[in-house]
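These notes are about the structure you will find just below.
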Amino acid sequence: MILRRGLVLSSLLLAAVAAPATARAADWPDTPASRQQLQALIDTLDDRLLHQPSATLTLEEWCRAHALAPVARVVAHRVPGAQKPPTPAQRRVLDVDPREPVRYRRVDLACGDRVLSVADNWYVPARLTPEMNAALDHSDIAFGHAVAALHFTRRTLESTRLWSPGAPPSTPGVIRPPAAILRHRAVLYRQDGVPFSEVVETYTGAMLDFPPPSR
């Protein structure tokens, strides 16, 4: 029951913040040029996420570049009570046996009033410092900020495009990006090569919630 409430809360928060993205998408006329621009933006976002160890920093850079908030700082809104035990396959990826504790954290990553991504995170607390674990347990710090001192690396396991602008319809209108546009699954490693986290990140239409470039 707690898990269901947590998932409902996450869905409501995502919908609430994605709604302005739909409204502001009216600034993008539904033309071939606009759709090409949006496709280029998604391509750029995907490429940056694939080549930057910290998705948190990538989101903050994106937020700053496109003026999505007065202060480009990403905050993690935790979903209370969310539980999702790691699968045997995830334990193999993390190189832990069935008895090793693996914690789960589900968050909505927001910059200002926009939820830019929803992240599922499985991590091995024994491979983090006590200070990192305390921050993850008791604050809304983004995971990338909490473990930044590890100077970690990232290996992407899956990258899935959930939306492509495609061709415009025959009638004029506006472009309305959906709630989810991109999903990544990745593993994070310490400098000694030990994996400590698997993340699944779903990036929202709020990533595109800004006017098209002026001509």
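Taking mature numbering (1 follows the signal peptide of the UniProt record, and there is no 0), I'd label the letters of the sequence shown as residues -25 to -1, 1 to 190.
Even glycine gets a Cβ: it sits at the ideal position worked out from N, Cα and C.
Contact check, residue i vs residue j, beta carbons under 8 Å
i, j, result
"V68", "P170", "yes"
"V54", "R81", "yes"
"D5", "P152", "no"
"P100", "R78", "yes"
"L137", "L16", "no"
"T135", "R158", "yes"
"D72", "V174", "no"
"E35", "A51", "no"
"W3", "V149", "yes"
"P61", "G87", "no"
Sequence-distant residues of its chain with Cβ nearer than 8 Å to residue i (five each side left out)
i, result
"T31", "V49, L84, A117, F118, G119, H120"
"I156", "I17, R136, L137, W138, Y178, T179, G180, M182, L183"
"R10", "P140, G141, A142, P143, I150"
Beta-ladder partner(s) of residue i, from DSSP
i, result
"P4", "V149"
"H120", "None; H120 has no bridge partner."
"E176", "A94, H159"
"P170", "Y164"
"L132", "Answer is none; L132 lacks a bridge partner."
"R78", "Y98"
"A112", "A small correction: the amino acid at residue 112 is Asp; Ala does not occupy that position in the sequence shown. Its beta-bridge partners do not exist; DSSP assigns none."
"R89", "C86"
"R53", "V82"
Whole-Å CB distance - residue i paired with residue j, under 8 Å assumed
i, j, result
"Q166", "L132", "Not a contact, Cβ separation roughly 20 Å."
"residue 191", "S114", "Absent from the structure is residue 191, since the part of the chain shown begins at -25 and ends at 190."
"W97", "S172", "7 Å"
Own chain residues within Cβ distance below 7 Å of residue i, not counting five before or after
i, result
"A42", "F185"
"L(-13)", "Residue confidence for L(-13) is low, a pLDDT of 42 falling below 50, so the modelled location carries little weight and cannot support an answer."
"A161", "R129, R130, T131, L132, V174"
"L25", "T131, S134"
"D21", "S134, L157"
"T33", "R23, L24, Q27"
Distance cut-off 7 Å: residue i Cβ against heavy atoms of the ligand MG
i, result
"T179", "Judged by which ligands are present, the structure shown has none, so any question about the ligand MG falls away."
Cβ-based neighbour list, residue i, same chain, cut-off 6 Å, excluding 5 preceding and 5 following
i, result
"Q14", "P140"
"G168", "none"
Notebook entry, point to check: Is it a yes or a no for the region 134 to 144 touching the region 103 to 115, going by three-plus beta-carbon pairs under 8 Å?
Noted result: no
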